[in-house]
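Residue numbers (this note's numbering), protein chains in the order written: chain A, 14 to 194; chain B, 14 to 194.
Scroll down for the structure; my scribbles are underneath it.
There are 2 protein chains.
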Amino acid sequence: MTQAPIDSARSLFVRRWGEMAASWGVSRTMAEIHALLFLAPHPLCTDDVMEQLEVSRGSASTNLRQLVNWGLVSRNHRRNDRKEYFEADRDVWQMFETILRERRRREVQPMVETIERCLEMVEPARKNGVAEANEEAEVLRKRLTDLQEFCEIMNNLFNLVTRSGRDQVEPIAKRLTSLVE
Amino acid sequence: MTQAPIDSARSLFVRRWGEMAASWGVSRTMAEIHALLFLAPHPLCTDDVMEQLEVSRGSASTNLRQLVNWGLVSRNHRRNDRKEYFEADRDVWQMFETILRERRRREVQPMVETIERCLEMVEPARKNGVAEANEEAEVLRKRLTDLQEFCEIMNNLFNLVTRSGRDQVEPIAKRLTSLVE
DNA sequence: CTATATTTTCAGTACATTCTGAAAGGATCG
DNA sequence: CGATCCTTTCAGAATGTACTGAAAATATAG
Numbered sequence: 014m015t016q017a018p019i020d021s022a023r024s025l026f027v028r029r030w031g032e033m034a035a036s037w038g039v040s041r042t043m044a045e046i047h048a049l050l051f052l053a054p055h056p057l058c059t060d061d062v063m064e065q066l067e068v069s070r071g072s073a074s075t076n077l078r079q080l081v082n083w084g085l086v087s088r089n090h091r092r093n094d095r096k097e098y099f100e101a102d103r104d105v106w107q108m109f110e111t112i113l114r115e116r117r118r119r120e121v122q123p124m125v126e127t128i129e130r131c132l133e134m135v136e137p138a139r140k141n142g143v144a145e146a147n148e149e150a151e152v153l154r155k156r157l158t159d160l161q162e163f164c165e166i167m168n169n170l171f172n173l174v175t176r177s178g179r180d181q182v183e184p185i186a187k188r189l190t191s192l193v194e
Numbered sequence: 014m015t016q017a018p019i020d021s022a023r024s025l026f027v028r029r030w031g032e033m034a035a036s037w038g039v040s041r042t043m044a045e046i047h048a049l050l051f052l053a054p055h056p057l058c059t060d061d062v063m064e065q066l067e068v069s070r071g072s073a074s075t076n077l078r079q080l081v082n083w084g085l086v087s088r089n090h091r092r093n094d095r096k097e098y099f100e101a102d103r104d105v106w107q108m109f110e111t112i113l114r115e116r117r118r119r120e121v122q123p124m125v126e127t128i129e130r131c132l133e134m135v136e137p138a139r140k141n142g143v144a145e146a147n148e149e150a151e152v153l154r155k156r157l158t159d160l161q162e163f164c165e166i167m168n169n170l171f172n173l174v175t176r177s178g179r180d181q182v183e184p185i186a187k188r189l190t191s192l193v194e
């Protein structure tokens, strides 16, 4: 027997989570599965996902694997059952950290490396050639180093926060937060 | 006359910035234009953008307007010139704040409202019906309130940081940062 | 006010991403 | 080891997003 209001709430949440994720560059279905698992009271198997989200087996399989790769979902087995059951990490802070770390690794790191490379390309051009060219090189260098410095600060802040651990950070954040209200 | 190494650096940066943005749900061209303007030593007009990125007039116009809407780029005029010239905000901290604020408004806020709605739907179901159903409702409520609390903390932190202003935050961030090294 | 320069819009098209469904591949049981 | 159950893979299809180019709209100069 299904509980109508509970199911409606779940389905609304799942849909919206999918929409939000889509605008952050995460495929809708992957996010919907993540939301479904996040809300589920117990682990779900592939068929549960297929049924509840009306997606194909291929899509369910692929997206579940990606979620496992991201570290947001874990696989579980049961005795006397060949199926795999999937369970989402429910610790919101941990989830956030996982997502940030993965995105940094996949998307920010290459950008940071590129900035470094660009600076190496610009450096030799700085005092070589006409004055106008030098000035242009100087401007470019400034823009790149500003960005680089910002990235370093953000990177270190992230490291600091994650190394301190959630138990240290959460109360501080809450305390700071009370300053705003 | 074009300076080969400078141009190469610029073009490399622009391309990578576009790639990164694409995986964050921002269209490649819009991000490339943003990068181009960010690095440019002076404002550019639509034709400059079309030429340097090899995109159509329609695309340049649409994407420039979007950048202006985001508050990342401003339009300028010149005397005796009908063209519009576009200039990016070069303050990296300001840029970051603008992006976060816009994304919160466009993408996070609707999610927060949805969580609220979901909680309203679940509430009446809590002590109404069989024990099993109550338990499910309780679990769902827990998940939603955990997420809600997290969103509130993040929201307040963001407000705190942006109200304090960049001049207050940057040195603190740098100081904290030095703890990591 | 007309001529001209510039921007915006949008229908059609190109491109990229994601899904489907079935076949192949693995794993586990008796 | 064969039968069964489950997962993965992938070619083709569906879908969605973003671009193009030209026509319409707008703005400025004379």
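Glycine included, each C-beta is placed from N, C-alpha and C at the ideal position.
All of these numbers come straight from a predicted model, not from anything done at the bench.
- Chain-ordered, the chain B residues with CB closer than 8 angstroms to the CB of Leu25/A read Thr127, Arg130, Cys131, Met134.
- Note on geometry: alpha-carbon atoms of Glu120/B and Thr190/A lie some 22 angstroms from one another.
- Chain B places no beta carbon closer than 8 angstroms to that of Trp83/A, leaving this residue out of the contacts.
- With a threshold of 8 angstroms between beta carbons, Ile112/B makes no contact with chain A.
- When Cβ-Cβ separations below 8 angstroms define contact, Arg92/B makes no contact with chain A.
- Residues of chain B whose Cβ lies closer than 9 angstroms to the Cβ of Pro123/A are, in chain order, Arg29, Glu32, Met33.
- Nearest to Val68/A by alpha-carbon distance, out of Met43/A, Asp180/A, Val125/A, is Met43/A.
- The continuous alpha helix (DSSP H) containing Asp180/A extends over residues 179–191.
- Residue burial is scored here from C-beta neighbours: Ala17/B has fewer than 16 other C-beta atoms within 10 angstroms and is therefore classed as exposed.
- When 9 angstroms is used as the limit between beta carbons, Pro137/B is near these residues of chain A: Pro18, in chain order.
- Taken through DSSP and simplified to helix, strand or coil, Arg91/A comes out as strand.
- Using a Cβ-Cβ cut-off of 8 angstroms, Pro56/A does not count as an interface residue toward chain B, since no Cβ of chain B sits closer than that to its own.
- Lys96/A sits in a strand when the DSSP states are folded into three classes.
- Secondary structure in the region 51–137 of chain A: the beta strand (DSSP E) runs of 3 residues or longer, each lying completely within the stretch, are 86–91, 94–101 in chain order.
- By the Cβ-count criterion, Thr158/A is exposed, with fewer than 16 other Cβ atoms from all chains shown falling within 10 Å of its own Cβ.
- With a cutoff of 8 angstroms on beta-carbon distance, Asn76/B and Ile46/B are scored as near each other.
- Look at Asn76/A: its C-beta is not under 8 angstroms from any C-beta on chain B.
- Counting the other CB atoms within 10 Å of its CB gives Leu192/A a total below 16, which places it among the exposed residues.
- Per DSSP, reduced to three states, the secondary structure at Ser24/B is helical.
- Rounded to whole angstroms, the gap between the alpha carbons of Glu32/B and Arg41/B is 6 angstroms.
- DSSP places Gly31/A within a helical segment (H, G or I) once states are collapsed to three.
- Of all alpha-carbon atoms in Asp20/B, Ala150/B, Phe109/B, the one lying nearest the alpha-carbon of Glu133/B is that of Ala150/B.
- Considering only Thr59/B, Arg188/B, Val182/B, the residue with the shortest C-alpha distance to Leu80/B is Thr59/B.
- Each of Asp61/A, Phe109/A, Arg117/A was checked against the Cα of Ala34/B, and the nearest Cα belongs to Arg117/A.
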